[in-house]
Amino acid sequence: MTVGALAALAGVWLVTIVVPGPDLVQILRAGMRSTTAGVYCALGVTTGITIWLLLSIAGMSAVIAANPSILVGLQIVGGCYLVYMGLSALWGVWRTRSRGGEVKGIATTDATRAGGGVVDPGFSDEAEDDREQSADAEAGELGKFKAFRMGLLSDLANPKTVVFFGAVFAQFFTPDMTAEWTLAVIAVLLVETIAWVMFFAIMVRAVSRWLMRYHLAVDAVAGAILAALGGVILGEGIKALARAT
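Just so we're aligned, residue 1 is where the sequence shown starts under full-length UniProt numbering, counting upward by one.
Structure representation (structure tokens):
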């Protein structure tokens, strides 16, 4: 790991977490009741992301250390996965525009159903409706614990977050990566996450209006970036496979 690679990873993660998804919707709902509720919901989201992040890093480090050749497979699979997510986002934008741009709320294309921006192709519309009904049932003032639980469960309900982490980290993690660099990666990603979700929670009214208005542009840009990153990772995996054979 180098400083440049860490900066690149931080950039990819920033793009991921700012894309509207279920976690931000939960923060939006909590924040509209009170700033305190929004902040505690954001803390819950961050806790969920931290759990997935640590599990992803621990598992990947062990697998790569035992068999470094698996990295090639992860690059190929992860690259295809990222390309799929990027193209799904672009397809969702095109489909929305072809229907006249009528969108109710935040877009829910495959590539924008992320945990605090983490991408998930596994969320169903029925699951999202269940979360919406659960949130709407919380009448009046939202307590701190309930707000925290809302954010935590929203993120933990997305087990495919670990697949996304694996797809991205495959490009940046190596078997000889030191503990110091691993801690640096965790720190940078968590600082970015906390900064963004807290900002969103505190400025929820202004930010939510902006995202609602320009969400198609956000989806298009995020989709293009994810597809491009996936293409690069896929290309490197294919080259490594060709050299091995």
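All C-beta atoms in this analysis are idealised placements derived from N, C-alpha and C, irrespective of residue type, glycine included.
Sequence-distant residues of the same chain with beta carbon closer than 6 Å to residue i, five excluded per side
i    : result
R90  : The question names Arg, but residue 90 in the sequence shown is Leu. Contacts found: G223.
V39  : A201
M225 : According to the sequence provided, residue 225 is Ile. The question's Met does not apply to it. Once the five neighbours on either side are set aside, the close Cβ partners of I225 are V15.
L189 : W13
Status (buried if at least 16 other CB within 10 Å, exposed otherwise) for residue i
i           : result
L28         : buried
D176        : exposed
W196        : buried
V191        : exposed
L54         : exposed
Y81         : buried
S56         : buried
L43         : buried
V18         : buried
V168        : buried
W94         : exposed
T178        : exposed
P20         : buried
A147        : buried
residue 247 : No information on residue 247 is available, as it lies outside the stretch 1 to 245 that the chain covers here.
Residue i: first and last residue of the uninterrupted alpha helix (DSSP H) it sits in
i    : result
R99  : Unbroken run through R99: none, as it is neither H nor E.
F145 : 144-156
M198 : 179-202
V12  : 3-18
Contacting residues, own chain, Cβ-Cβ under 7 Å from residue i (five flanking each side not counted)
i    : result
V83  : A227, G230, G231, L234
R149 : G44
A58  : none
L183 : none
M198 : V39, A42
Contacting residues, own chain, Cβ-Cβ under 8 Å from residue i (five flanking each side not counted)
i    : result
A5   : F172
L241 : V72, I76
A10  : V188, L189, E192
L152 : G44, V45, T47, G48
Can we say the stretch 75-95 touches the stretch 223-242, given the rule of at least three CB pairs closer than 8 Å? yes
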